[in-house]
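Counting in the numbering used here, the sequence shown runs without a single skipped number right up to 305 at its last residue.
We treat Cβ as the ideally placed atom computed from N, Cα and C, and that holds for glycine.
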Amino acid sequence: MTGLLDGWGIPVLLAGAVSYVAMATLLSRMGTFALDLPNHRSMHEMPVPRTGGWALVAGCLAALVFSPVALPVALLLGFALLLAVSAIDDLRHVPARFRFPVHLLAVALVLIALPQALAWWWYPLLLLGGVWMINLYNFMDGMDGLAGSMTAFGFATLGLICAWRGHGDLAGLCALLVAGALVFLRYNWPSASIFLGDAGSTSLGLAAVAISLHGWQQGAFGLPVPIVVFAPFWLDASLTLLRRMLGGKRWWEAHREHFYQRSALRIGVRKTLYWELVAMLAVSLLALALVTSGLA
């Protein structure tokens with residue numbers, strides 16, 4: 010496995026180092042830039058910058074320059090478009106009617122970049138599922154430590170599986186994301202001094218889509234594996250959306266009705282985060298068991 014990841018040591022270290030320097034700089038010299046001001050829907054009480062995702066993405070981009078993999082142009086374009094509109098949204102609200110088409114285009118470009126063509130009926134399913142993943146990652150980025158932990162657990166699990174199955178480049182890409190996530194958690198652990206923001210959360214959502222689909226197509230794991238790995242996020246977001254729709258509420262508006270939000274209000278952020286960590290560990294172990302047993 011060590012030989013399989015040759016060429017990824019420096020990129021992974023670079024991802025962590027650049028993320029760390031960028032995040033420290035944003036906090037020390039630009040601490041009042043792009044602030045997330047608390048309101049009646051917030052889980053925090055003081056203004057917090059939402060630029061952590063900028064630092065995480067900067068680290069991954071710097072690492073990719075020195076990595077042994079060349080990503081498809083369509084894939085890079087999809088991430089660039091999504092990052093651009095999301096970064097603007099961090100600075101000044103971008104209406105959903107402008108953001109949603111970019112989300113669709115970003116996922117479409119990821120699908121175009123897949124190494125193998127799929128049956129036609131896969132494309133609308135994966136397009137809608139991909140857009141949902143981008144948005145639910147954003148929805149779930151509402152509590153200290155939560156999105157960073159899901160990123161670390163999720164991509165570490167997929168990376169281990171990819172390395173075990175002999176897919177070194179996919180494992181290396183996962184390692185870059187884990188390195189950035191761990192640095193982010195250094196500043197986002199309760200009580201957080203920085204948030205991911207839209208640029209970070211949407212980019213990580215699209216990364217989950219891209220890694221999952223490429224890993225599936227390359228035979229690193231079955232499609233159920235990433236579905237299991239990211240279950241703590243998509244289950245909460247999906248069930249909450251369904252409950253709000255059935256209740257006749259304005260489901261498209263921001264709220265504090267996710268399970269993790271209701272739990273945090275009841276037992277506190279730290280205890281809720283610990284329970285979420287237990288769930289993330291459990292689904293990661295389940296995914297590893299499915300793979301090692303040959304079921305996925």
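Where residue i sits in the DSSP three-state scheme
i, result
"residue 238", "helix"
"residue 266", "coil"
"residue 75", "coil"
"residue 159", "helix"
"residue 164", "helix"
"residue 207", "helix"
"residue 226", "helix"
"residue 200", "coil"
"residue 112", "helix"
"residue 277", "coil"
Bridge-paired residues (DSSP) for residue i
i, result
"residue 57", "45"
Proximity to residue i [Cα-Cα], best of the options
i, options, result
"residue 85", "265, 122 and 57", "122"
"residue 204", "102, 293, 168 and 157", "157"
"residue 22", "177, 274, 210 and 68", "68"
"residue 167", "235, 149 and 199", "235"
"residue 297", "146, 164 and 118", "164"
"residue 45", "152, 256 and 222", "152"
"residue 170", "261, 35, 257 and 293", "293"
"residue 174", "300, 285, 282 and 194", "300"
"residue 286", "303, 224, 264 and 238", "238"
"residue 31", "20, 64, 38 and 25", "64"
Heavy atom of the ligand NAD within 7 Å of residue i beta-carbon
i, result
"residue 66", "This structure lacks the ligand NAD, and indeed carries no ligand of any kind."
Close-in-space but distant-in-sequence residues of the same chain around residue i (CB under 6 Å, 5 per side omitted)
i, result
"residue 99", "43, 59, 206, 207 and 208"
"residue 354", "As shown, the chain starts at 10 and ends at 305. That puts residue 354 outside it, with no answer to give."
"residue 77", "16"
"residue 81", "122"
"residue 249", "266 and 267"
Neighbourhood of residue i by C-beta, 7 Å cutoff - its chain only, sequence neighbours within 5 removed
i, result
"residue 216", "186"
"residue 132", "120"
"residue 160", "186, 190 and 213"
8 Å Cβ shell around residue i - same chain, five flanking residues per side excluded
i, result
"residue 227", "124, 176 and 179"
"residue 116", "87, 135, 136, 139, 140, 143, 215 and 218"
CB contact check: residue i to chain B, cutoff 8 Å
i, result
"residue 108", "Annotation note: the requested chain B is absent from the structure, which comprises a single protein chain."
*Take every Cβ of the region 190-203, pair it with every Cβ of the region 85-97, and state whether three or more of those distances are shorter than 8 Å.*
no
*Taking three-plus beta-carbon pairs below 8 Å as touching, is the region 76-91 in contact with the region 233-253?*
no
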